Every structure is written in structure tokens, then in C-alpha cells.
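Using numbering that gives the first Met the number 0, count along the sequence shown one by one with no gaps and you end on 71.
Worksheet: one structure, shown below.
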Amino acid sequence: MVPRIKVPTLVLDYDFEQFYPGQPRQMYDLLRSRREYVKLTAATGAQLHCSPMAPQQHCDVVFDWLADVLRR
Numbered sequence: 000m001v002p003r004i005k006v007p008t009l010v011l012d013y014d015f016e017q018f019y020p021g022q023p024r025q026m027y028d029l030l031r032s033r034r035e036y037v038k039l040t041a042a043t044g045a046q047l048h049c050s051p052m053a054p055q056q057h058c059d060v061v062f063d064w065l066a067d068v069l070r071r
């Protein structure tokens with residue numbers, strides 16, 4: 000199903016992902032649309048699923064990506 004996605008897609012991954020380890024990268028590799036992969040890391044406090052300790056950084060990544068997509 001993933002190769003059928005036609006819209007720009009942001010794939011987020013996290014250090015110490017506890018629910019879906021490895022799946023974000025697998026999805027990214029299967030995408031054929033415009034895509035971006037971002038790994039949020041423990042070094043910046045944004046580890047774990049949905050980076051609960053760094054919500055501002057998480058939102059900055061998502062909304063900056065969205066703004067870029069909408070400008071194109």
C-alpha cells in the first residue's frame with residue numbers, strides 16, 4: 000500500500016522508539032512520492048515515540064515541513 004501514496008510525506012523516527020522500531024525507515028524506503036525522513040534524537044531530548052520530552056522541537060519539525068510543502 001505504501002508505494003501507492005502520491006502526496007508529499009514526512010516520516011518521523013525516534014531514538015528508542017518503543018512501539019514501532021524500524022518501521023519508519025521501512026516506510027520511507029517504500030515511498031515513491033516526495034518524502035522526507037527525520038530522526039529525532041536523544042541528543043536533543045526528542046527521543047521516544049512522539050518525543051514527549053521535546054514537544055516544541057517535534058512541532059517545529061512538523062510545521063516547518065508543512066510550511067515548506069505548502070510553499071511549493
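Note that beta-carbon positions come from the ideal geometry of N, C-alpha and C, so glycine has one too.
All values reported here derive from a predicted model rather than from experimental measurement.
Could you round the C-beta distance between residue i and residue j to whole angstroms and report it? I think they count as a contact, below 8 Å.
i, j, result
"residue 31", "residue 2", "5 Å"
"residue 39", "residue 17", "Not a contact, Cβ separation roughly 14 Å."
"residue 36", "residue 27", "4 Å"
"residue 41", "residue 14", "4 Å"
"residue 10", "residue 34", "7 Å"
Grab the span of the beta strand (DSSP E) containing residue i for me, first residue to last.
i, result
"residue 39", "34-39"
"residue 12", "8-13"
Residue i to residue j, Cα distance in whole Å?
i, j, result
"residue 57", "residue 49", "7 Å"
"residue 12", "residue 4", "19 Å"
"residue 64", "residue 55", "14 Å"
"residue 62", "residue 51", "17 Å"
Taking all protein chains shown into account, decide if residue i is buried (16 or more other Cβ within 10 angstroms of its Cβ) or exposed.
i, result
"residue 59", "exposed"
"residue 66", "exposed"
What residue range is occupied by the uninterrupted alpha helix (DSSP H) comprising residue i?
i, result
"residue 23", "22-29"
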